[in-house]
Amino acid sequence: MASNTSEQLRAELKSLADTLEEVLQTSTDKPKAELDKLRGKAESLLKDTRERLSDTGDKIATQTKEIAGKADDYVHDKPWTGVGIGAAVGVVIGVLLARR
């Protein structure tokens, strides 16, 4: 689902960029009516994209809070496992930094 949403956002952003590029490149060649139509399309795409980005940001924030809550619960339920995981991560980071 997240991948699908990501692909939709990418497609919308590309469409918006293409529309804006067309407006900028042809602003001197097109009659005012066509420019107004392109401008309206760009504004509509921008509004839709902003709404979708806001919704996606909210979903990511919610998912992050849920994951952090689950991690917190896990560490509270099994504190020594959490300490072990933290120590292992510290050792791995130390080894990676020592290689430099």
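Residue numbering for the sequence shown follows UniProt numbering, starting at 1 and increasing by one per position. Note that beta-carbon positions come from the ideal geometry of N, C-alpha and C, so glycine has one too.
Local conformation of residue i per DSSP, three classes
i, result
"residue 10", "helix"
"residue 100", "coil"
"residue 47", "helix"
"residue 78", "coil"
Span of the alpha helix (DSSP H) around residue i
i, result
"residue 31", "Neither: residue 31 is in no alpha helix (DSSP H) and is coded neither H nor E."
Supposed contact pair residue j and residue i - C-beta distance, whole angstroms, cut 8 angstroms
i, j, result
"residue 49", "residue 7", "Going by Cβ atoms, the distance from residue 49 to residue 7 rounds to 14 angstroms, so no, they are not a contact pair."
"residue 9", "residue 52", "6 angstroms"
"residue 42", "residue 24", "Wrong, their Cβ atoms sit about 10 angstroms apart, outside the cutoff."
"residue 64", "residue 5", "Going by Cβ atoms, the distance from residue 64 to residue 5 rounds to 15 angstroms, so no, they are not a contact pair."
"residue 45", "residue 16", "4 angstroms"
Other residues of its chain near residue i: CB distance less than 8 angstroms, five sequence neighbours each side excluded
i, result
"residue 22", "38"
Beta-carbon contacts of residue i that lie in its chain and below 7 angstroms, excluding the five residues immediately before and after
i, result
"residue 75", "82"
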